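First up is the structure itself, then whatever we jot down about it.
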Amino acid sequence: MIIQQSFKIQTPGRGMIEVTKEVAEIVKQSEISIGICNVFLHHTSASIVICENDDITVQHDLERFFGHLISDGHMLFEHVAEGPDDMSAHVRSIMTQSSLSIPITQKKLDLGRWQGIYLWEHRLKAHDRKITVTLQGE
Amino acid sequence: MIIQQSFKIQTPGRGMIEVTKEVAEIVKQSEISIGICNVFLHHTSASIVICENDDITVQHDLERFFGHLISDGHMLFEHVAEGPDDMSAHVRSIMTQSSLSIPITQKKLDLGRWQGIYLWEHRLKAHDRKITVTLQGE
Amino acid sequence: MIIQQSFKIQTPGRGMIEVTKEVAEIVKQSEISIGICNVFLHHTSASIVICENDDITVQHDLERFFGHLISDGHMLFEHVAEGPDDMSAHVRSIMTQSSLSIPITQKKLDLGRWQGIYLWEHRLKAHDRKITVTLQGE
Numbered sequence: 030m031i032i033q034q035s036f037k038i039q040t041p042g043r044g045m046i047e048v049t050k051e052v053a054e055i056v057k058q059s060e061i062s063i064g065i066c067n068v069f070l071h072h073t074s075a076s077i078v079i080c081e082n083d084d085i086t087v088q089h090d091l092e093r094f095f096g097h098l099i100s101d102g103h104m105l106f107e108h109v110a111e112g113p114d115d116m117s118a119h120v121r122s123i124m125t126q127s128s129l130s131i132p133i134t135q136k137k138l139d140l141g142r143w144q145g146i147y148l149w150e151h152r153l154k155a156h157d158r159k160i161t162v163t164l165q166g167e
Numbered sequence: 030m031i032i033q034q035s036f037k038i039q040t041p042g043r044g045m046i047e048v049t050k051e052v053a054e055i056v057k058q059s060e061i062s063i064g065i066c067n068v069f070l071h072h073t074s075a076s077i078v079i080c081e082n083d084d085i086t087v088q089h090d091l092e093r094f095f096g097h098l099i100s101d102g103h104m105l106f107e108h109v110a111e112g113p114d115d116m117s118a119h120v121r122s123i124m125t126q127s128s129l130s131i132p133i134t135q136k137k138l139d140l141g142r143w144q145g146i147y148l149w150e151h152r153l154k155a156h157d158r159k160i161t162v163t164l165q166g167e
Numbered sequence: 030m031i032i033q034q035s036f037k038i039q040t041p042g043r044g045m046i047e048v049t050k051e052v053a054e055i056v057k058q059s060e061i062s063i064g065i066c067n068v069f070l071h072h073t074s075a076s077i078v079i080c081e082n083d084d085i086t087v088q089h090d091l092e093r094f095f096g097h098l099i100s101d102g103h104m105l106f107e108h109v110a111e112g113p114d115d116m117s118a119h120v121r122s123i124m125t126q127s128s129l130s131i132p133i134t135q136k137k138l139d140l141g142r143w144q145g146i147y148l149w150e151h152r153l154k155a156h157d158r159k160i161t162v163t164l165q166g167e
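Residue numbers (the numbering used here), protein chains in the order written: chain B, 30 to 167; chain L, 30 to 167; chain H, 30 to 167.
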């Protein structure tokens, strides 16, 4: 059995937005007992990541650390047409993920106790982002 | 056909542990000829990665380089409740992988000659880690 | 339905080579309407990544930034038997991807408007690289 569903998220700008509930709900509705859930992001200046879901300071620390490691407007960047956060967003995207494959077990998205799925917006301004969830199983 | 199996690994602390044999054995037992093998790690302070499998100095260099790039107790980190290696572990996790999808070809896990699957423990102390292997194919 | 096909790319040395057309053609030929396309690279010193596909300076900036972040012949590297670009290639590989799972929707590889699939060669010299594409769907 294959189920595919897309949804959009409007981000307010740089930062993480949890989408675990949206994905888990698609899994629940599908009634698939066992299989794989793929979560795909159709963009190269944002990421889809699994992050610790309990302490918000983890997200803040990730944001600060990536901002430090891949500084906006880095002197090595030529691709600056859309602003100093354009190229750093592409680097952040390629260093993290735009596709996640997660097991479905006993009709549930089988994440660990401290794992959540997050859309990570890397651009400073608000953006519309599209995510496609594809379930395969039985 | 879908096969799913979980197993636990007790890590002795920071470093890599090869799990290629464990995963390849599940593929072999399944008798699936062609398909995809997904290896999923249920944690956010360890990774599941494909690493060079021949020269142990590659693992040592990766450990040293990541330790240098993402120093434990970095001055930007607020999330330090569990110690200086807590937040660096989350950064290492998000910069690598917690899910791998590998082809199954002619009843075998179709890794390259120099590729191995490794659980990479990022915390300094010993931890119990859970891995779920999901096979889809025919 | 499962379709699997491998192909080889000869790289001229460090840099990105787009393989979107090759992968999209396999999807088209398969006549799968809905499912997942996995693209797997059988090497640990190159990557398979989703990168911005419109402005070539993005690739140049990624190359320069990774060269700066993970310098060839870094003083921390012991694994230098094959030259100063050997260990940096393994670090680049583990910080990016060697496996991508992309949705198939309405008989097409469902990439975003600005997403392309690229083989990223990290070694300085020319190499033969093997990619396996596995499609699952109906």
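For every residue, glycine included, the Cβ atom is placed at its ideal position computed from N, Cα and C.
In this text the structure is predicted, and so the values were computed from the model without any measurement.
Asked, Found
"Following a CB-centred definition, is L/Ser127 positioned closer than 7 Å to any heavy atom of the ligand ADP?", "For the ligand ADP, the structure offers nothing, since it holds no ligand at all."
"In the DSSP output, which residue or residues are listed as bridge partners for B/Phe36?", "B/Ile160"
"Would L/Met30 and L/Gly166 be called neighbours here (beta carbons separated by less than 8 Å)?", "yes"
"List the residues of chain L whose Cβ lies closer than 8 Å to the Cβ of B/Leu153, in chain order.", "The contacting residues do not exist; B/Leu153 stays about 19 Å from chain L at best."
"Nearest-angstrom Cα distance between B/Val162 and B/Gly42?", "23 Å"
"Using 8 Å as the cut-off, can you tell me whether the region 43-52 of chain H makes contact with the region 66-77 of chain L, which would need three or more C-beta pairs spanning the two stretches below that distance?", "no"
"Which of the three DSSP states is assigned to L/Pro132 in this structure?", "strand"
"Quick one: residues in its chain with C-beta nearer than 6 Å to the C-beta of L/Leu91, no 5 flanking neighbours on either side, listed in chain order?", "none"
"Mind checking which residues open and close the beta strand (DSSP E) that includes H/Ile99?", "Premise fails: H/Ile99 is in no beta strand (DSSP E) and is neither H nor E."
"Taking 8 Å as the CB-CB limit, is L/Val87 close to chain H?", "yes"
"Is it true that the CB of B/Ile133 sits closer than 8 Å to the CB of B/Val48?", "no"
"At which residue ranges does the region 63-109 of chain L contain complete beta strand (DSSP E) runs of 3 or more residues, listed in the order of the chain?", "64-70, 75-81"
"Using only the alpha-carbon positions, how far apart do L/Lys159 and L/Glu51 sit?", "13 Å"
"For L/Gln126, does the three-state DSSP call read helix, strand or coil?", "coil"
"Using 8 Å as the limit for Cβ to Cβ distance, is H/Thr134 near chain L?", "no"
"Give every residue of the same chain whose Cβ lies closer than 8 Å to the Cβ of H/Val120, excluding the five residues on either side of it in the sequence, and list them in chain order.", "Ile99"
"On the DSSP bridge assignment, give the partners of B/Gln144 in chain order.", "B/Glu81"
"By how many angstroms is the C-alpha of L/Ile123 removed from the C-alpha of L/Asp114?", "14 Å"
"Taking the alpha helix (DSSP H) that B/Ile55 falls in, what are its first and last residues?", "49-59"
"So if I threshold CB-CB distances at 7 Å, which residues from the region 95-116 of chain L count as touching chain H?", "His97"
"From B/Ile85, B/Ala110, B/Arg152, B/Ala155, pick the residue whose C-alpha is nearest to that of L/Phe106; which is it?", "B/Ile85"
"Out of curiosity, what's the CA-to-CA distance linking L/Lys154 and H/Met104?", "27 Å"
"Tell me the rounded alpha-carbon separation between L/His108 and B/His151.", "21 Å"
"Under a Cβ-count criterion, where at least 16 other Cβ atoms within 10 Å of its own Cβ denotes burial, should H/Ala118 be classed as buried or exposed?", "buried"
"Roughly how many whole angstroms lie between the Cα atoms of H/Gln135 and H/Val68?", "19 Å"
"Starting from B/Lys137, follow its DSSP beta bridges and name the residues at the other end.", "B/Thr134"
"Taking L/Cys168 and L/Leu148 to be in contact with their CB atoms under 8 Å, please state how far apart those CB atoms are, rounded to whole angstroms.", "With chain L running from 30 to 167 in the structure shown, residue 168 of chain L is simply not present."
"Distance, Cα to Cα, L/Arg93 vs L/Lys37?", "26 Å"
"Express the C-alpha separation of B/Ile32 and H/Glu60 in angstroms, rounding to a whole number.", "17 Å"
"Use the C-beta contact count for H/His97: other C-beta atoms within 10 angstroms, 16 or more gives buried, fewer gives exposed.", "exposed"
"From L/His89 to B/Gly112, what does the alpha carbon distance come to, in whole angstroms?", "39 Å"
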